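Participant: For the sequence shown, the positions run 1 to 1225 when the UniProt record's numbering is used. Backbone N, C-alpha and C define an ideal beta-carbon position, used for all residues, glycine too. On a predicted model such as this, the values are computed, not experimentally measured, just so you know. Let me give you the structure first, and then I'll get to my questions.
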Amino acid sequence: MDPVYHDILYIHQPAMEVQPASHAAAPDPSPNANDPPGPYVLRDLIRDVPLGTQDDGTVAHITCVDAWNGNLYIGTSAGEVLHYVSIPGENEDDDEDQPAYIFATKLEPPYTTQQEGADRGVKQLLVLPDAGKACVLCNGTVTFYTLPELSPAFEGKIKQPGCLWVGGIDHNEAAREGSGAQVKGTVVVICLKQRLRLIRIGEEARKIRDIELGGVSAVRRRDDLACVADAQGYSLLDVVNQRKIELFPISSSAQPEPTEAPPQQINPPRSRDQSARRSFSAATSPQRQSRAHERNFSAGAEHLRPDSSSPWPTRSSSRQEGPAETAAPSSPTPGSREGSPMKIPSADHSARTSGEAPREPAKPLPPNIVSPTPNEFLLTTGTKLTEPGVGMFVNLEGDVVRGTIEFSTYPESLVLDGSSQDESSSGNGDDAEGYVLALVNQETDGKNSKVIEAQRWDVDPSEVHASRSWLSINATSQDVADSSGVGLRLATTTFQLAANEIKHSLRQRRLNLDNERTQPSDSETRRDGEEDRFASRFAQVHASVLLYHGDRISWVVRNALILQLDHHLNQAIKRGTTASSTANLTIDVHVAQRVANSIRGQEPKTELDFLTLTYIRQKASLLLFGNLVLQTMQGFISYEHDKRRAEDALIAGEVDPRTILSLVPKLAGEVDEGTHGIWVPQGLTDVVTLLRQAIQAGGPSSSSGDNVDWEDPKGAYGDNLLQLVKRYLMSWRKKKGFGSVADETQVFRSVDAALLHVLLMLDTQPTTSRGPAAPGTLRAELNDVVDKGVECFDRAKELCEEYHRLYVLSRLYQSRKMVGDVLATWRRIIEGEEDRGGELVDGEQDVRRYLTKLRDHKLVQDYGAWLATRNPRLGVQVFADENARVKFQPQDAVAILKEKAPGAVKEYLEYLVFGKNHSIYVKDLIAFYLDAVLSQLRDSQEARDMLIQSYETYRALRPPKPTYRQFITDNAPTAEPAREWWNNRLRLLQLIGGSHGGGGAVTSERQEEAEEQYSRQLAERLREYSAELVPEMILLNGREGKHDEALKLLVHGLGDYDTAIRYCLLGGGTSLFHPGGGGGGGGSSGGSTLGDQQPPLSSSSPLPVDKDLQASLFRALLRESFQISDLSERLERTAELLERFAAWFDVAEVLALIPDGWSVELVSGFLVHALRRLVRERQESVVVKGLAGAQNLRSAAVWGEKMKEVRAVVVREGEAEGDGVVGTG
């Protein structure tokens, strides 16, 4: 039969059409047109199939369909086979241009008798790619054709009438063929009314064997075992050993078989083992008994001649070519099911049905057999087509394994997709999940419709129900009424289709942050093309399941996870009154959060999985964050859980932070696009653009003007956005240095600028206290960010200046080691420029500490001098610190201070003299003190009166009393400026007294002359105020050797008798009024520490004093004591002096000075001491004289002894010693 070619009709492949589906937890869902898609969608293959009319004048319908190698074969109820072929799209380089199908031929297969019902027309199309043949079952007759054009095979001589079903291809053999194994032809099973016939189709058709088992309407085979179904139930059949084990009925309402029915053997082989026994209960789940199968080769293959009544050539064996052996025909076992196509009803059943009223018979349930794995079959059972059905897994031994699968109604068609399907009918590794697709009936709003129910078969039974989804096919009412017009078929070849929605979502596009649209540059256009090509790698789906309904054929395509979840997220976006309106945009947070939660913890297995999970996380995070922005615009404080979820989503999504910042007013300006811009997936670009339009429509620039203050950090803006953005950006800062961050420079520049801006906004609130940062506070976070360095240095400076945060600015400079700018910023703060943070509390002290750590000599010199000008006492420490990295020689420091900070010279000299004991600077310091004191006395009468009053007060004190130095120290004024010049005078006394080298011992005559000259100069300057500066005059008189004048002032001018005694002991030393030489507070009578004969050493450790000088000083002091005007004071002081220091006086001189009117009792102490001393001296002289006489006698005796031993020697004149004659004496 030659093929008939019709006019070519081009049918272009339409774009993917997503039909609604639903996921429901209820067992009887009701799909809604607005429900999101499930794991499968429909994609039209061809529409408007040219169906002919049947003999009764009605329009024919599609009965079967198959696709192979770009060819589409369609069988109709009118007995026609329509052949379509695919041609490439008009633009082969364009991935979106899908192949088109053209109508090629229409074939009318021959048949013997017109069938009715389900057997009418073309019932089956069986494509055998390895054999290059196709089997067509039309009106009960099987004919064979060559592929792909469907020309008659075997010269049209072979056809098989009386056939119920054809198929039974070995799925294991098909898998081996797909792996490259060499197989000669394909074995198929032809189900005749009385038997099964196995034939091998290759270059020729050869019969293998007949199995006397009739009425079989479905076969699935794995090697030698096949699962078959007749009109009543399912059975396992060993096609080699020809043994059958009954499983369970198709309809669970049918009469159960008697239990303990043994396995039946059909056409038994010549040698067989003991057959296994099998029992079933009336339930649909049979119980297994112990048995074993023996799979032996059949030795009885039947030999038929070509001109015999059978058209099949002979074949030797089912496994190998060889000599043909004639099989002995055997008849069915009496009473077995296999003896006839239909089972004989039992007597009980006949008796029961005869008494019932006649009713319309229920439509029989079609058997469904699929094989998900090489060791299992999936079978369906139920009661009615409108009632739920059950899928049961049976292994090769007939045992029920796994759990059951529930269908909402009994499946009219059943196919498998994915997982461990054989390679000839499944996709690649992307379809790792195994789904079972069933064509079931649904009732929605009182109307019946057909839907595809999809659920997983390769998961735990507890998870099967959650994976169920339903896909509406929009079948017409006619299709619903007649199930023969709708069906599912598994294509012979898996086709690869383009899913452009995936590419449109994943391809990256530049994010336009400008309101004006600009023409893309050449580089941007080139990158667009590169991104399109990259995304096209993932925009491919594999299709192997065909759906025919009405005059349309569609692919049942696995819906990519990205499309499912993306659709959910798009549904979360609620626009305004119109689809393009953005003024009243809202986000359904629950939908977006549900999508984000659905992929939480999910690990990618492929590159597409990775891109999908990343894209969905990022889009969900954008929507959740966008919701916060939209709520903030309306002045609402968001719920804490909404903010927490948005933050978690942002961190998990790892979207380019610049896209997030572009949505936040005041922070959008911190985004650095760089020269190439921001590139994100187009799906994210669309969302960002939509949110930005909504923000601009409802922001402060809108015409309504209601939300002018919505960007106030004290309100919702700070609570909803700033705190969240701060934590989000903090997490991004931790990724610095990661190689996985694209556009790292621009990203972290934007992150740092925005983070610093956020922290400054939050830290300048009125509730924020001034002062240093406490640990864990916002200010501490701000300092930490700045200290660790920011990428946006210039922008950071601008922000710090804008928010008047000078101390933060100084820390920013410090992060870059810009010490000069740090000091300059601190100087601005100290000099009074506004610093709202107030962190620099003790700025001058901080500057001093900072300068000690620097190595830049010029900086230290300049800022040390500046600090010394402001705070001399603190500033000089910069020049005097020995631990500083920059050290100054004293002469250099003095010169610098004299030039730049004259007011600090005195402080530095004090440090040198008192701290370091540098005596060479004593005269300079004396000059400073003297100028200060004289200036005060010259300008202030109060100061002069204060000094005179101090003398009078001190003289009025009764012993015991402190020294004058201690007195004026204890009674120093506390108020300025008196306190300052009073302290200067104390230091002046200390220095003039020579305690720091000013009046120490001289080492040369020139130095002695210089000291005398210097003393005269000082005395000349002090002479004008000699009455007010009595202690100073005492010291100068001592330096000049005018001891009588000095003692006179001590006794009569001050009345400081203890100091006078100390003066004598020190031999006129000038260290009288320094803190360490005042003698404490000892009184003049009793308890004085100066009563010892040897005076204590001063702090300057003077040389030993001449005793004659001390004696003369004591005599002078005694003379002055006799001149004290107050009689009682005179008597007391003179008597005490004589008694305590009697050793320094001559008795005769003292007696000559004592007035005659004094009582002996007043000087009794002196006299007793003097007389005792005289007696002691007399007695000591007697003892010394006696000791000297004894010593003289001893020496004479020793001399005499020595002389006896020495001989006389005569030495003549002119002879050398030793040459004379020795006499004997």
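So which of G550, I573, L42 and N500 has the shortest CA-CA distance to I562?
Facilitator: N500
Participant: Is DSSP giving H542 helix, strand or coil here?
Facilitator: strand
Participant: By the DSSP assignment, the beta strand (DSSP E) with M392 in it spans what residues?
Facilitator: G389 to N395
Participant: So, using beta-carbon positions, are T53 and G121 closer together than 8 Å?
Facilitator: Against a cut-off of 8 Å, the Cβ pair of G121 and T53 comes out as no contact.
Participant: Using alpha carbons as the reference points, say which of L934, Q1110 and N971 lies closest to R1023.
Facilitator: Measuring from the Cα of R1023, the nearest candidate turns out to be L934.
Participant: Tell me the DSSP secondary structure of D522 in three-state form.
Facilitator: helix
Participant: Given this structure, state the Cα-to-Cα distance separating residue 1229 from V216, to the nearest angstrom.
Facilitator: Outside the displayed range of the chain (1 to 1225) lies residue 1229, so it cannot be described from this structure.
Participant: Take D648 and list the residues in its own chain whose beta-carbon comes closer than 6 Å to its own, dropping the five residues that flank it on each side.
Facilitator: Correct list: empty, nothing qualifies.
Participant: If contacts are defined as beta-carbon pairs under 8 Å, then D566 and G739 qualify, I think. What distance do you get, rounded to the angstrom?
Facilitator: Not really, about 29 Å apart at Cβ, beyond 8 Å.
Participant: Specify the secondary structure class of P152 as computed by DSSP and reduced to three states.
Facilitator: strand
Participant: On the CB-based measure, 16 or more other CB atoms within 10 Å of its CB, does W826 come out buried or exposed?
Facilitator: Per the 10 Å Cβ criterion, buried.
Participant: Closest to L874 by CA distance: which of V886, K887, Y908 and V894 is it?
Facilitator: From the listed residues V886, K887, Y908 and V894, the smallest Cα separation to L874 is found for Y908.
Participant: Whole alpha helix (DSSP H) runs in the stretch 430 to 470 with 4 or more residues, listed along the chain?
Facilitator: Unbroken alpha helix (DSSP H) runs of no fewer than 4 residues, entirely contained in the stretch 430 to 470, are found at 461 to 464, following chain order.
Participant: Taking just the CA atoms, how far does P88 sit from L51?
Facilitator: 25 Å
Participant: Are A620 and L690 touching if we call contact CB-CB under 8 Å?
Facilitator: no
Participant: Would you call the stretch 455 to 465 and the stretch 497 to 514 in contact, with 3 or more CB pairs under 8 Å?
Facilitator: The stretch 455 to 465 is not in contact with the stretch 497 to 514.
Participant: S750: buried (16+ other C-beta within 10 angstroms of its C-beta) or exposed?
Facilitator: buried
Participant: Could you say which of G1041, R987, E1032 and R985 lies nearest to E1011 if we only look at CA atoms?
Facilitator: Out of G1041, R987, E1032 and R985, the CA that lies nearest to the CA of E1011 is found in G1041.
Participant: For residue 1288, which residues of its own chain have a beta-carbon under 7 Å away from its beta-carbon, when the five flanking residues on both sides are left out?
Facilitator: Since the first residue shown for the chain is 1 and the last is 1225, residue 1288 is missing from the structure and cannot be characterised.
Participant: Quick check: the Cα distance between K956 and S950, rounded to an integer number of angstroms?
Facilitator: The displayed chain sequence assigns Ala, not Lys, to residue 956. The alpha-carbon atoms of A956 and S950 are separated by roughly 10 Å.
Participant: Rounded to the nearest angstrom, what separates S769 and T777 at their Cα positions?
Facilitator: 11 Å
Participant: Is it right to say Q861 is buried, meaning 16 or more other beta carbons lie within 10 angstroms of its own, or is it exposed?
Facilitator: buried
Participant: Output needed for K906: all residues of its chain with C-beta closer than 6 Å, excluding positions within five of it in sequence on either side, in chain order.
Facilitator: If you ignore the 5 residues before and after K906, its C-beta comes within less than 6 Å of the C-beta of F928, all in its own chain and listed in chain order.
Participant: What's the C-alpha gap between L622 and S544?
Facilitator: 36 Å
Participant: How far does the alpha helix (DSSP H) with Q631 in it extend, from its first residue to its last?
Facilitator: From DSSP, the alpha helix (DSSP H) with Q631 extends over E607 to M633.
Participant: K244 by DSSP, collapsed to three states: which one?
Facilitator: Strand.
Participant: For F1141 and G1068, I'd like the C-alpha separation in whole angstroms.
Facilitator: It is roughly 16 Å from the alpha-carbon of F1141 to the alpha-carbon of G1068.
Participant: CA-CA distance, G837 and R779?
Facilitator: 9 Å
Participant: Can you name the start and end residues of the alpha helix (DSSP H) that N783 belongs to?
Facilitator: Residues L778 to D787.
Participant: The beta strand (DSSP E) spanning A100 covers which residue range?
Facilitator: Taken as a continuous stretch (DSSP letters only), the beta strand (DSSP E) holding A100 covers A100 to L107.
Participant: For the alpha helix (DSSP H) that residue 1237 lies in, which residues bound it at each end?
Facilitator: Residue coverage of the chain in this structure runs from 1 to 1225, which leaves residue 1237 outside it and unanswerable.
Participant: For P411, which residues in the same chain have their Cβ closer than 7 Å to its Cβ, ignoring the five residues on either side in sequence?
Facilitator: N368, T380, G389, A438, L439 and V440
Participant: Does the distance from the CB of S371 to the CB of H171 come in under 8 Å?
Facilitator: yes
Participant: Going by beta-carbon coordinates alone, are L513 and V725 separated by less than 8 Å?
Facilitator: no
Participant: Are the CB atoms of I678 and L511 within a distance shorter than 8 Å?
Facilitator: yes
Participant: How about L225 and L213: do their beta carbons lie closer than 8 Å?
Facilitator: no
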